[in-house]
Ligand SMILES: Cc1ncc(COP(=O)(O)O)c(C=O)c1O
């Protein structure tokens, strides 16, 4: 992999004029709901594996990976070659024709997942994939009732915002889905103010209570992310999904597992989050990391649920030759370079280094996550746990000034999300931790 270059301080480098001009044009022409990072937003013009470069040629270690999407690294020659070759042959045919790469990718996904996930449908994004998951489960079960978790994020569309359990992201509540929210497994801020493990897993048991008291008794599905991504990498206790799945099975309710952030080896433990938790969903939704940044999404479902759409249904671009070729090349690269295994070992090192930072910086309330999906929740003080979004804002900018891109999340926008490309080394992690250390000190 690329040698580690420890980024130098950027204190003296001015914000490029053309970035200021681009910002003005962005504000003039793009929907105002599309927010930018930083007091002085930047354009990332180039990338190479775990590094990105702005308009002034400054190098950054990328520890947000295009929102948990760059799995193998930026501009990976092996992946790009495969895409270019396909592009030169044919870029689009529509799903009315056989698409070799699409069929191969579906077979590959089936081989990676439980046998009962026997049919695959491709979309262009996670949002569309979750929409399709709602479509098949509500059709199959003849009800529009869905169970979702508080603090969840499932997309930006009419129905998926309604199933998203965070007010800042809920544009619409009128989709026709009847969503019933379950208390989420957020041990640091337990909805019942209990302490794990003496809590008796009230969060899992809440699923039963919500089914019995707020639904007709037989909702269409339960949707959950194995680790809540936008929610701030909220990582459930190890027995959570086993207990929830037992409840769902007793009621015959399908489990839609939203693997948009956790899929494709990011947790290090397994290819998918549900495998890390030892359960099998009836629907698995995926997107983001599958094609290393080329737009793709989709779902794998049981024969019964996949067959619930009896009308005609297709996606013009879904599973197109470019996206599915990119996905195959990306999966090949990940296997050849053992990136899941790397996520496990480098992720463990990262976690240990972040825990060290927590010993020195009282603004760190909790470190949590799995593999190369690690979060740091910032608080004003550890006693009250009062969320500190202003500190988050400062740390984000201070990290950027020092050459590190990090992410933000959580209901209160006070959680640092760290999800670098899975090629990062322990040296990259040490460089990122050194910058975070300085950024915390400068922000306190
Ligand atoms: C867990 C989860 N589901 C769904 C989505 C929506 O995916 P997309 O932005 O590709 O529509 C996201 C996006 O962040 C996500 O994190």
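Residue numbers (this note's numbering): 7 to 450.
Yeah, the Cβ is synthetic: ideal placement off N, Cα and C, and Gly gets one too.
What you are looking at is a predicted structure, and each value in this text was computed from that prediction instead of being measured.
Counting C-beta pairs closer than 8 Å gives three or more between the region 85-98 and the region 328-337, which meets the contact rule. The distance from the Cβ of residue 185 to that of residue 213 is about 14 Å, inconsistent with a contact at the 8 Å cut-off.
For residue 270, the number of other beta carbons within 10 angstroms of its own is at least 16, and it is reported as buried. At least one heavy atom of ligand 1 lies closer than 7 Å to the C-beta of residue 303. The three-state reading of DSSP puts residue 296 in helix, counting H, G and I together. When C-alpha distances from residue 235 are compared across 208, 62, 210 and 378, the shortest belongs to 378. If you look at residue 325, you'll find it isn't in any beta strand (DSSP E); DSSP assigns it neither H nor E. Straight-line spacing of the CA atoms in residue 321 and residue 115 works out to 19 Å. Boundaries of the alpha helix (DSSP H) around residue 209: 208-220. According to DSSP, residue 125 shares a beta bridge with 307. By a beta-carbon distance limit of 8 Å, residue 310 contacts residue 146. Their separation comes to about 6 Å. In the structure shown, residue 172 adopts coil according to DSSP, grouped into three states. The bridge partners DSSP lists for residue 68 are 411. Taking the Cα positions, residue 350 is about 15 Å away from residue 283. Look at residue 317: its beta carbon is at least 7 Å from all of the heavy atoms in ligand 1. Taking C-beta separations shorter than 8 Å and ignoring five residues to either side along the sequence, the partners of residue 72 in its chain run 299, following chain order. Take residue 129, set aside five residues on each side of it, and the residues of its chain with a beta-carbon closer than 6 Å to its own are 135, 303, 304, 321 and 324, in chain order. At a cut-off of 4 residues, the continuous stretches assigned as alpha helix (DSSP H) that sit fully inside the region 54-120 are 71-74, 83-95 and 106-118.
When rounded, the separation of the alpha-carbon atoms in residue 363 and residue 227 is 40 Å.
Taking a contact to require three or more Cβ pairs closer than 8 Å, the region 198-214 and the region 160-167 do not qualify as touching.
The Cβ neighbour count for residue 156, taken over all protein chains shown within 10 Å, is at least 16; the residue is labelled buried.
Residue pairing for residue 423: DSSP places it in a beta bridge opposite 381 and 413. With distances taken between CA atoms, residue 335 lies nearest to 295 out of 262, 373, 295 and 60.
DSSP lists no bridge partner for residue 443. Less than 8 Å divides the Cβ of residue 143 from the Cβ of residue 262. At a cut-off of 7 Å, the beta-carbon of residue 40 does not count as near ligand 1: no heavy atom of the ligand is closer than that.
In terms of Cα proximity to residue 375, the closest of 33, 98 and 193 is 193. The shortest C-alpha to C-alpha distance from residue 266 to any of 82, 424, 160 and 417 is the one to 160.
Put simply, the backbone Cα of residue 355 is about 37 Å away from that of residue 255. A Cβ-Cβ separation of about 6 Å places residue 51 in contact with residue 59 under the 8 Å criterion.
A distance below 7 Å between beta-carbons, with the five flanking residues on each side excluded, links residue 75 to the following residues of its chain, in chain order: 294, 295 and 299. Judged by DSSP secondary structure, residue 278 falls outside any alpha helix (DSSP H); it is assigned neither H nor E. In the DSSP assignment, residue 362 forms no beta bridge with any residue. In the same chain as residue 443, and ignoring 5 residues on each side of it, the C-beta atoms closer than 7 Å to its own belong to 363, in chain order.
For residue 292, the closest C-alpha among the options 429, 139 and 249 is that of 139.
Relative to ligand 1, the nearest heavy atom lies less than 7 Å away from the CB of residue 161.
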